[in-house]
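Down below is the structure, laid out as structure tokens.
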Amino acid sequence: MYARVKTAALHGIDAYIVDAEVDILYKLPSFTIVGLPDNAIKESRERVTSAIKNSGFPFPQNKVTVNLAPANIRKEGSSFDLPIAIGILAASGYVSTDALDRFIIVGEIGLDGTVLKTRGVLPVAVAARKYGAEGLIVPKDNVQEAAVADVDAYPVSNIRDVIEILEGKSSITPFKLNIRDIFNMGGEQHYLDFKDVRGQESAKRALEIAAAGAHNILMIGPPGSGKTMLARRFPGILPTMTLEEALETTKIHSVAGILPPNVALLTTRPFRSPHHTISDAGLVGGGAYPKPGEVSLAHNGVLFLDELPEFQRNVLEVMRQPLEDGVVTIARAAITLSFPSRFMLVAAMNPCPCGYYGDPYHECTCTITQVRKYRAKISGPLLDRIDMHIEVPSVRYEKLAGEPTGESTEEIRARVMEARLIQQKRFEGIKNVYANAHMTTKLIRRFCKLSPEGENILKQAITRMGLSARAYDRVLKVSRTIADLENSESIEPYHIAEAVQYRSLDREYWA
Ligand SMILES: Nc1ncnc2c1ncn2[C@@H]1O[C@H](COP(=O)(O)OP(=O)(O)OP(=O)(O)O)[C@@H](O)[C@H]1O
Ligand SMILES: [Mg+2]
Ligand SMILES: [Zn+2]
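Mapping the sequence shown onto the working numbering, position 135 (from 1) lands on 135, and the numbers just tick up by one.
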């Protein structure tokens, strides 16, 4: 007896339809699965066997063969448990096979037959819709993300639920949601507000510029000066996500299996702040069958690396490719996958090991050698990808008391969005360039023309501060953004003068 159940497998942040074929022959009892990696097969076989028995069905005492077709493509994950179990029950005559072709089924099962949350259901739902499936049967905790893809998604808790749906006897109805409503509702979001930050006007200004031009930024300051506080508020001043961005980010979180059960769509830009003990696989993605890492979970949002010099050097180095390309490619023996990783880097560090170098209220206890060594932990090539370095000095007590008087996140974001609109027009039709920070040298030459006076100021600054040729391009990009924030077509000398300030640490810190 033979049965075929439609299911799906993940590939990066996409999914493709897979057939779980089950054949039962009157031969000595055995249970073989082909088309999965060895260790996954073993585990799945055990779960499926127990789940079938504990759901009140006999496990066939015959030769059971399961093939996940196409067999030549590497598959991974526990989401094949449920289709395999249903296939076995169908091939044994416990489920009518009539409806099997019309549904896509995914889900992990527990030994007791309950259906458990699985990862990557949003991409599966997208694939199911493209395929034209009549319905998608998913674990109940995944039903929200499935419904985002506009398919009829049926939430199930156990094997019996699935059988009833397939036989048309179920009272479970497809879960409905209106993605536009959810998206619009999420529009005005629960970001932390910049209003809470007292003082730090120049740091806030720099963060506004960074947000406006998508410039990566490094904050340097003593303990307790508010670096973490500022960073956490940064995603809120980025332009609100488009629906397309929201879907892309949600897909990545779905594939990583970290989407909360009651969340259909991530409408808030992600803010990821991995600890400095993170491994390179944790940061860029990895594993035998790679999962997205922090750089991808931060896609369309912010990756915050606090205490930057504490990260292992090799970990920071692997970040360079995704930082540059907006995509991370992970090659393993079995498979090569890519995940999107267009994030903005916000990094923070103390100026020295004790934290108080240059602080007017605390004495620094470090030797010059210690300070140099500490700063040398960050490589030149990484620093080169960070357009802006700013100092975040400690705030006097007087400023911390009293009512907050600063601007709100909303006010700042409005200006950022205006500046982004100008950039959108500027870069229309240019691939992979959405903001000033993405400009190549050629584009910089084209869009950052200076007047002779401006040219002069920049030259002087560079000689005086001993900046590199690379710093030159960086200053131009940041000047472009400063001009855009003022809706100024031309880059004026004072725009350049401000941009140069965001390199002022170059000589002192990194020379
Ligand atoms: N400018 C500020 N306005 C209001 N509160 C502040 C400000 N700066 C610091 N604080 C308060 O001090 C706390 C510590 O700040 P935060 O953790 O951001 O410092 P930090 O610069 O990240 O320090 P570290 O170098 O130790 O990580 C904040 O939670 C906040 O309550
Ligand atoms: Mg901090
Ligand atoms: Zn010190």
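Glycine included, each C-beta is placed from N, C-alpha and C at the ideal position.
Problem - CA-to-CA distance, V392 to E201, given in whole angstroms - result: 10 Å
Exercise for the section: Can you tell me which of L266, L238, F311 puts its alpha carbon nearest to the alpha carbon of S273? Expected result: F311
Problem - Identity of the residue in N456, A264, I105, D384 nearest L323 by Cα - result: Minimum Cα distance to L323 is reached at D384.
Practice task
State yes or no: is the C-beta of G355 nearer than 7 Å to some heavy atom of ligand 1?
Solution key: yes
Problem - Any non-hydrogen atom of ligand 2 within 7 Å of T277 CB - result: no
Exercise for the section: Determine, using beta carbons only, whether E411 comes closer than 8 Å to chain D. Expected result: The structure shown has no chain D; it contains just one protein chain.
Exercise for the section: Run the CB neighbour count on S79, radius 10 Å, all protein chains shown included, and call it buried at 16 or more, exposed below. Expected result: buried
Practice task
Go through the residues and name those whose CB comes closer than 7 Å to any heavy atom of ligand 5, in chain order.
Solution key: No copy of ligand 5 occurs in the structure displayed; its ligands are ligand 1, ligand 2 and ligand 3 alone.
Problem - Minimum C-alpha distance to K373 - residue among V433, I88, P309 - result: P309
Practice task
Count the other CB atoms, across all protein chains shown, that sit within 10 Å of the CB of T249; report buried if there are 16 or more and exposed otherwise.
Solution key: Classification for T249: buried.
Practice task
For G429, count neighbouring Cβ atoms within 10 angstroms of its own Cβ and tell me buried if that reaches 16, exposed if not.
Solution key: exposed
Exercise for the section: In the DSSP assignment, find the alpha helix (DSSP H) that holds H495 and state where it starts and stops. Expected result: 493 to 501
Practice task
Examine ligand 3 and report whether any of its heavy atoms sits within less than 7 Å of the Cβ of T365.
Solution key: yes
Problem - Residue burial classification, Y509 (beta-carbon count within 10 angstroms, cutoff 16) - result: Unreliable positioning characterises Y509 in this predicted model, as indicated by a pLDDT of 47, which lies under 50. The coordinate reading is nonetheless provided below. Y509 is buried by the Cβ-count criterion.
Handout entry: Beta-ladder partner(s) of F271, from DSSP
Key = According to DSSP, F271 bridges with V302.
Handout entry: Within 8 Å, strictly: CB atoms of K63 and L25
Key = yes
Practice task
Would you check if the distance between the CB atom of L111 and the CB atom of N54 is smaller than 8 Å?
Solution key: yes
Exercise for the section: Examine ligand 1 and report whether any of its heavy atoms sits within less than 7 Å of the Cβ of D196. Expected result: yes
Problem - For V143, the nearest candidate out of T173, T240, I217, S92 (CA to CA) - result: T173
Problem - Any non-hydrogen atom of ligand 1 within 7 Å of N350 CB - result: Yes, Cβ of N350 sits closer than 7 Å to a heavy atom of ligand 1.
Handout entry: Residue interval of the alpha helix (DSSP H) (run including N456)
Key = 452 to 465
Problem - First through last residue of the beta strand (DSSP E) which encompasses K6 - result: 2 to 11
Exercise for the section: Count the other C-beta atoms from every protein chain shown that fall within 10 angstroms of the C-beta of T365, then say buried if there are 16 or more, exposed otherwise. Expected result: The residue is exposed, with fewer than 16 neighbouring Cβ atoms inside 10 Å.
Problem - Neighbourhood of I444 by C-beta, 6 Å cutoff - its chain only, sequence neighbours within 5 removed - result: For I444, where only same-chain residues beyond five positions count, the Cβ hits under 6 Å are D473, L476.
Handout entry: Q200: CB within 7 Å of a non-hydrogen atom of ligand 1
Key = Judged by the Cβ position, Q200 qualifies as a neighbour of ligand 1 at the 7 Å threshold, a heavy atom of the ligand being closer than this.
Problem - Delimiting residues of the beta strand (DSSP E) encompassing Y16 - result: 14 to 25
Practice task
Buried or exposed for K75, please, with buried defined as at least 16 other CB atoms from any protein chain shown within 10 angstroms of its CB.
Solution key: buried
Practice task
Just mark H495 as buried or exposed, buried being the case when its beta carbon has 16 or more other beta carbons within 10 Å.
Solution key: buried
Exercise for the section: Could you say which of D81, L10, Q460 lies nearest to S44 if we only look at CA atoms? Expected result: Measuring C-alpha to C-alpha distances from S44 to each of D81, L10, Q460 identifies D81 as the nearest.
Handout entry: CB contact flag (A231, F175, <8 Å)
Key = no
Practice task
Tell me whether the beta-carbon of K251 lies closer than 8 Å to the beta-carbon of L166.
Solution key: no
Practice task
Could you say if the stretch 150 to 160 and the stretch 274 to 281 meet the contact criterion of at least three C-beta pairs nearer than 8 Å?
Solution key: no
Exercise for the section: Look at the Cβ atom of G326, then the Cβ atom of S338, and state whether they are nearer than 8 Å. Expected result: no
Exercise for the section: Measure the beta-carbon distance from N20 to V124 and round it to whole angstroms, keeping in mind my assumption that it falls under 8 Å. Expected result: In the sequence as presented, Asn is not what sits at residue 20; that position holds Ala. So it is not a contact: roughly 14 Å between Cβ atoms.
Exercise for the section: Rounded to whole angstroms, what's the CA-CA distance from I163 to D141? Just pull it up for me. Expected result: 18 Å
Problem - Opposing strand residues paired with A348 [DSSP bridges] - result: M219
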